[in-house]
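Residue numbers (my numbering): 24 to 333. Quick reminder that beta carbons are idealized off the backbone N, C-alpha and C, glycines included.
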């Protein structure tokens, strides 16, 4: 993998709204490169029983250019007091990489199929928003948080895909998963230490279960879905625990063949969060352990759809 981030020139305006170049917020060209090997092998024990072993290295190049530039601009004097330009922040960034392994089995039968997957991964140089005790916001007297490499993390777990076929027009499915993803070490910045070793990564539930059925009769299709999300944490210190929640969705559709020049037309009704469950949806977690922003999950929503195939 190779990527070249182009250089950019920052400008500020004075009282007369005249723009002038500002070297403190200008950036030089940056190159990112990484060798990304992949490997996979499969073995067929029988026609219905198979095994797969896979390895792959993934990457995530630094992406928070606009947010970090805004943070620097809003706290420019504090950064300059510490002798830091925007370029200094980017010079310290390393590209995130992860080594991922998974072992899976698949067995299919006339009336059911089962596919367990076991996975393990090592993540290096996680990029996250972290307090810098050397950069103090004069208005709040608190450290400024910006994206830095927080360290390494290890993840392991399993997923299970189980399908039942009691009849030609009915499918039951049950898909649980377990994920343990935790920090490998405490985070140190200056003379301060954030005790996060072995803590679960924020906004990462250990257990997730998705189950439901798909039933077809003539041209009708009915598909109720149940999803349960286990408890999780909003902070790296694992002090802000978010309760588990469950939601039920219902999808209905009707297909019409040879309709007004269309080979197939379909109308559908998607009912999300059928029982209007209140829950915490997205979390913008601060890996500093000091704060997090929580957003309500989607309420009951009904969507009517129309589609066609020529």
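Do residue j and residue i come within 8 Å of each other at the CB atom, strictly closer than that value?
i           : j           : result
residue 265 : residue 303 : yes
residue 192 : residue 238 : yes
residue 31  : residue 81  : no
residue 204 : residue 168 : no
residue 91  : residue 64  : no
residue 61  : residue 28  : no
residue 102 : residue 159 : no
residue 268 : residue 300 : yes
residue 279 : residue 241 : no
residue 105 : residue 146 : no
residue 245 : residue 228 : no
For residue i, does the three-state DSSP call read helix, strand or coil?
i           : result
residue 107 : coil
residue 133 : coil
residue 312 : Here the model assigns residue 312 a pLDDT of 45, short of 50, so the residue's position is not dependable, and the following value carries that caveat. In the structure shown, residue 312 sits in coil (DSSP, three-state: anything other than H, G, I, E or B).
residue 228 : coil
residue 318 : strand
residue 113 : helix
residue 69  : coil
residue 99  : helix
residue 262 : coil
residue 148 : strand
residue 92  : helix
residue 247 : strand
residue 291 : strand
residue 47  : helix
residue 303 : strand
residue 195 : strand
residue 241 : coil
residue 187 : strand
residue 28  : strand
residue 270 : strand
residue 276 : strand
residue 77  : strand
residue 58  : coil
residue 331 : strand
residue 41  : coil
residue 218 : coil
May I ask you to list the residues that DSSP assigns as paired with residue i?
i           : result
residue 223 : 205
residue 83  : 119
residue 298 : DSSP, once it has assigned bridges, lists no residue as partnering residue 298.
residue 281 : Looking at the DSSP assignment, residue 281 forms no beta bridge with any residue, so it has no partner.
residue 182 : 140, 200
residue 162 : Partner(s): none; residue 162 has no beta bridge.
Thinking just about the alpha-carbon of each residue, which of the options is nearest to the one in residue i?
i           : options            : result
residue 210 : 63, 109, 153, 130  : 153
residue 137 : 171, 166, 182      : 182
residue 162 : 100, 306, 45       : 100
residue 208 : 201, 298, 218, 258 : 218
residue 107 : 53, 48, 134, 135   : 48
residue 116 : 276, 68, 142, 150  : 150
residue 141 : 156, 76, 171       : 76
residue 79  : 95, 67, 57         : 57
residue 281 : 25, 332, 40        : 332
residue 195 : 216, 143, 135      : 135
For residue i, does the count of other Cβ atoms within 10 angstroms reach 16, so buried, or fall short, so exposed?
i           : result
residue 305 : exposed
residue 132 : exposed
residue 220 : exposed
residue 43  : exposed
residue 327 : exposed
residue 41  : exposed
residue 70  : exposed
residue 259 : buried
residue 46  : exposed
residue 174 : buried
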